[in-house]
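Novice:
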Amino acid sequence: MHFNWYMDSSFLLHLYGRYFWYLEVSRATQAIAAYYGDELAGVLLADMKGEPQKYRSLGKTLYVKLFDTLQRLFAKGGIDIYDNTNRELYSQYCKTHKPDGEITFLAANPQVKGKGIGTLLLNELKSREKGKQVYLYTDNACTYQFYEHRGFIRSGEKEILLKLGKKTVPLKCFLYSKLL
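For what it's worth, UniProt numbering labels the leading residue of the sequence shown as 1, then goes sequentially.
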């Protein structure tokens, strides 16, 4: 994900990165980490229906709520179009599918890139949740081709203009899905 597409301030990028991590880890029912030697090489978070969210905390929840409020005040609706587009893609997808869960976060350490870490993480999720239908949201600011090469199907797509203050970022939003 290229957060620098959205903002120029390294301080704000740091705060947003923390917000994004806290948001996704708080929703997670599955958290899978991979290590390359002693180094964290990648993380996959998933929210599977019927499983408890184990990684919530009051501090993370408050940070996310505060950041959400500030983001909506200062981004003046720019974030809403992204969220609404994802809801629209999900609604269309659910007309023909009944998902069992969402992959909410998948990232590999760029210094360990090319070692198959992302594939390893997906395979571990598959071993835990075999036979279940999962989906994920991504966009062209991410390496969405990774999912296509691993058998995910592009189940929805929409182009948007994300307006953040003085910045306008054209994005293609995607919903990918796969039977594990």
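Where a beta carbon is used, it is the ideal one built from N, C-alpha and C, also for glycine.
With F174 as the anchor, note down where its beta strand (DSSP E) starts and where it stops.
Specialist: K167 to L179
Novice: Give a single yes or no on whether I117 has its beta carbon closer than 7 Å to a heavy atom of the ligand GTP.
Specialist: This structure simply doesn't include the ligand GTP, nor any ligand for that matter.
Novice: Could you say if the segment 53-61 and the segment 82-94 meet the contact criterion of at least three C-beta pairs nearer than 8 Å?
Specialist: no
Novice: Determine the contact status of D47 and T104, defining contact as a CB-CB distance below 8 Å.
Specialist: Contact: yes.
Novice: When you compare the CB positions of V134 and P99, do they come within less than 8 Å of one another, or not?
Specialist: Against a cut-off of 8 Å, the Cβ pair of P99 and V134 comes out as a contact.
Novice: Taking only runs that begin and end inside the segment 58-115, name each unbroken beta strand (DSSP E) of 3 or more residues, in chain order.
Specialist: Listed in chain order, the complete beta strand (DSSP E) runs (minimum 3 residues) inside the segment 58-115 are 101-108.
Novice: Per DSSP, which residues does Y36 bridge with? Please list them.
Specialist: E39
Novice: Between the beta-carbon of residue 199 and the beta-carbon of L44, is there less than 8 Å?
Specialist: Within the shown structure, residues of the chain are numbered from 1 to 180, placing residue 199 beyond reach of any answer.
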